[in-house]
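Asks: Below you will find the structure I want to go over with you.
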Amino acid sequence: MALKLITNFQFMQPHCFNSTSFPLRPSNLKLSSSHFIPRAEMESTSSSQIPPPLPEKRVVVGCGAASVDFLATVASYPNPDDKIRSLSLKVEGGGNTGNALTGASRLGLTARIISKVANDTQGRGILKEFEADGVDTSHMVVSEGISPFTYIIVDNQTKTRTCIHTPGNPPMIPEELSQSSLFSALENANLVYFDGRLHDTALVVAEEASQRKIPILIDCERKREGLDELLNLATYVVCSEKFPRAWTSAPTLASALVSMLIRLPNLKFVITTMGDKGSLMIEKSQNDASEIEETDVETLLESLQERVDSTATIPTCISSKSDLRISADGIGAISGRLLAGTAEKIPPPELIDTTGAGDAFIAAVLYALCAEMPPEKMLPFASQVVCLISLQAPSKNICSSFFMSNSKYYWARGKNNFE
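Taking full-length UniProt numbering, the leading residue of the sequence shown gets 1, the next gets one more, and so forth.
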C-alpha cells in the first residue's frame, strides 16, 4: 500500500494529500543500482564521480489500483468490540499500481498509469500527486462516483498492517479505455505492469502489449478473478509468500515456484517475497537442460541456505549454478537456476512500518529490468529500497546524517551530495 515519506530526498515518497493541501514534490531524484555504494568503497571514490546514465529503455506502463489510504497507527490491534484511540492518522495515495509507479518514477523511469478515479476531492488529489511525482495520468479515466479507498490499521506492537479496501464505484470497464488512449499508453513502452485488479481492462491492455511483444510483469498478492488469464501472458511474476502454494496447491513454496514455471511457459522468472526472510527466485534458462541429471528443488534450496552468511546485515544474493534441471517431486522439472536473496537486517526498534514494502520491491524490479540488471544485483537492490521505506514512519523527515550513520549503503550523486 502507501509508500513511506522520505521528504528530504523525495525518494519513494507516497503521493500524499488531504482535502485542503497537496504538497508538491520535485521528481528529479534519480537512482540506479550503483547509486547504492558500500561505505568503505564510497570513501575511496573520487569526488568528481559522475553518476551512470539512466536506462535508455525506461518507459513503464502500469494498469491497476490507484486509491486513497487512511493509515491509523495503534498501540496494538484491537479485540472485537474494543474501542481504542489511534496514535496517528495519515491520509496518503495508495493502490499497488499507484505506489509502484510512483516509486518507479522516483527511481528515474518514465511511468504511465491506466486506472480510474472519481471526480471527487480524493480523486482529484490522487491525480495531482501523480502529476507532481512525474507519473503520466493522461490515460486515467475520471468519472462521477466514488474513488477507491482503503482503511489500514498499523499495529505498533507486531509491526503488521491490516487493510480494509473499498473499491471505487462505478468500477472501470474496458469500454472506458479508448483504443487511441491504449495505443498512446503503450507507444515506445518497454515494460507493462499489472497488479491483478481491473481484470477486464487489464486483459485488454495485456493482450495488446503481448501482440506488441512488450514484456509483462504481474504482481500476484492473492488469487483474483481474471488473474489466470493475465498470468498466461506474463513474462515475469513477483508474488507474495502465500500465493504460489495457493495457486498451484504444491506442498512447499519451492515446489510451487517450479509448478508455476511449468504451467506458465512464457515466464522468464518468478520471485516470491518473504518479508524479513528475503526473497526466492527461479530464473528459467534459455538453454534446454533436459539431458542433465535432475536436481531436487528442496535439496537445492537447502544448499543455498547453508551458504548464506548469517552475520551479514546488508542484502546479498546466493545463486545456484546456471542451466540446472530443477525438479519438484510429483510436479515436473524446468531448466534454470535458483536464487535466494536476503533482506537487510533491521533492528526491531528501527522498524517503523512495512506498509508499501511490496510496492517498493516491485518499483525496484521494474527499474532493474529496464536497466538489464542481473538477478544477483536486482534482488539486493530491491531489498535496499524496501529497507529505506520500512525504517521510516509515513511523514517523518530524514536528513542526510541518517544514511551516513545508520545505513549500510548511502546515496551518492556527483560530489557525494544529496540532491
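Glycine residues also receive a C-beta, built at the ideal position from the N, C-alpha and C atoms.
#1: Mind reading off the beta-carbon distance from S240 to T273? Whole number of angstroms is fine, and I expect it under 8 angstroms.
#2: Taking the beta carbon of S47 as the centre, do at least 16 other beta carbons fall within 10 Å, making it buried, or is it exposed?
#3: Could you check where the alpha helix (DSSP H) with E229 kicks off and where it finishes?
#4: Grab me the residues of G196's own chain with a C-beta within less than 6 angstroms of its C-beta, minus the 5 sequence neighbours each way, in chain order.
#5: Give the DSSP bridge partners of L338, in chain order.
#6: So, at 6 angstroms on beta carbons, what are the nonlocal neighbours of G98 in its own chain, with the 5 sequence-adjacent residues on each side left out?
#7: Look at the alpha carbon of V238 and the alpha carbon of G108, and state the distance between them as a whole number of angstroms.
#8: Could you tell me which of H139, R106, S143 and S147 sits nearest to I126, measuring between CA atoms?
#9: Would you call the CB atoms of V192 and R112 closer than 7 angstroms?
#10: Give the list of continuous beta strand (DSSP E) stretches no shorter than 3 residues that lie fully inside the stretch 168 to 252.
#11: Tell me whether the beta-carbon of K284 lies closer than 7 angstroms to the beta-carbon of K268.
#12: Please list the segments of the alpha helix (DSSP H) lying wholly inside the stretch 86 to 173, counting only runs of 4 or more residues, in order along the chain.
#13: How should Y236 be labelled, buried or exposed, when 16 other C-beta atoms within 10 angstroms of its C-beta is the threshold for buried?
#14: Determine the direct distance from the alpha carbon of R245 to that of P315, and round the result to whole angstroms.
#15: Enumerate in chain order the residues of its own chain whose CB-to-CB distance from N156 is below 8 angstroms, with the five nearest sequence positions on each side excluded.
#16: Confirm, please, whether the CB-CB distance from A234 to I262 is below 7 angstroms.
#17: Based on the DSSP secondary-structure assignment, which residues constitute the bridge partners of G332?
#18: Check whether the stretch 308 to 323 and the stretch 249 to 256 touch, using three or more Cβ-Cβ pairs below 8 angstroms as the test.
#19: For a test of the three-state rule: what should DSSP assign to E294, helix, strand or coil?
#20: DSSP three-state call for S303: helix, strand or coil?
#21: Using alpha carbons as the reference points, say which of K377, V365, E344 and D359 lies closest to C387.
#22: Starting from the Cα of M260, find the closest Cα among A333, Q305 and I318 and give me that residue.
#23: To the nearest whole angstrom, what separates the beta carbons of K83 and L71, a pair I think is in contact under 8 angstroms?
Replies: Based on what the coordinates show:
#1: Position 240 of the sequence shown holds residue 240. Position 273 of the sequence shown holds residue 273. Taking C-beta atoms under 8 angstroms as the contact rule, S240 and T273 qualify, at a distance of about 7 angstroms.
#2: Counting from 1 along the sequence shown, the entry for residue 47 is found at position 47. Note that S47 scores 32 on pLDDT, short of 50, meaning its location in the model is unreliable and no value can be drawn from it.
#3: Counting from 1 along the sequence shown, the entry for residue 229 is found at position 229. Unbroken alpha helix (DSSP H) run through E229: L227 to L231.
#4: Position 196 of the sequence shown, counted from the first residue, corresponds to residue 196. Excluding residues within five positions, the ones whose Cβ falls inside 6 angstroms are R224 and L227.
#5: Numbered from 1 along the sequence shown, position 338 holds the residue referred to as residue 338. For L338, the beta-bridge partners assigned by DSSP are I282.
#6: As a working mapping, residue 98 is identified with position 98 in the sequence shown. Within the same chain, G98 has close Cβ partners A66.
#7: Stepping through the sequence shown from its first residue, residue 238 is reached at position 238. Stepping through the sequence shown from its first residue, residue 108 is reached at position 108. The alpha-carbon atoms of V238 and G108 are separated by roughly 21 angstroms.
#8: As a first step, residue 126 is located in the sequence shown; it is residue number 126 there, counting from the start. Ranking the options by Cα distance to I126, first place goes to S147.
#9: Along the sequence shown, one-based indexing puts residue 192 at 192. Along the sequence shown, one-based indexing puts residue 112 at 112. The answer is no: Cβ separation not under 7 angstroms.
#10: Counting only unbroken stretches of 3 or more residues, the beta strand (DSSP E) elements lying wholly within the stretch 168 to 252 are 191 to 194, 216 to 220 and 236 to 239, in sequence order.
#11: Residue 284 sits at position 284 when you count from the first residue of the sequence shown. Residue 268 sits at position 268 when you count from the first residue of the sequence shown. Yes, the Cβ-Cβ distance between K284 and K268 is below 7 angstroms.
#12: With a minimum length of 4 residues, the continuous alpha helix (DSSP H) runs that stay inside the stretch 86 to 173 are 96 to 106 and 121 to 132.
#13: For the purposes of this step, residue 236 is taken as the residue at position 236 of the sequence shown. Counting Cβ neighbours within 10 Å, Y236 comes out buried, since at least 16 surround it.
#14: Locating residue 315 in the sequence shown gives position 315, counting from the first residue. Locating residue 245 in the sequence shown gives position 245, counting from the first residue. Looking at the backbone, the Cα of P315 and that of R245 are separated by about 25 angstroms.
#15: Residue 156 sits at position 156 when you count from the first residue of the sequence shown. Result list for N156: T73, V74, A75, S76 and L87, in chain order.
#16: Position 262 of the sequence shown, counted from the first residue, corresponds to residue 262. Position 234 of the sequence shown, counted from the first residue, corresponds to residue 234. Not closer than 7 angstroms, so no.
#17: To locate residue 332, count along the sequence shown from 1; it is residue 332. DSSP output for G332 lists A328 as bridge partner(s).
#18: By the Cβ test, the stretch 308 to 323 is not in contact with the stretch 249 to 256, since fewer than three Cβ pairs between them sit closer than 8 angstroms.
#19: On the sequence shown, position 294 is the one that residue 294 refers to. Strand, per DSSP.
#20: On the sequence shown, residue 303 is found 303 positions in, with the first residue counted as 1. When secondary structure is reduced to three states using DSSP, S303 falls in the helix class.
#21: For the purposes of this step, residue 387 is taken as the residue at position 387 of the sequence shown. The residue with the shortest Cα to Cα distance from C387 is E344.
#22: On the sequence shown, residue 260 is found 260 positions in, with the first residue counted as 1. Among A333, Q305 and I318, the Cα nearest to that of M260 is on A333.
#23: The sequence position of residue 83 within the sequence shown is 83, counting from 1. The sequence position of residue 71 within the sequence shown is 71, counting from 1. So it is not a contact: roughly 19 angstroms between Cβ atoms.
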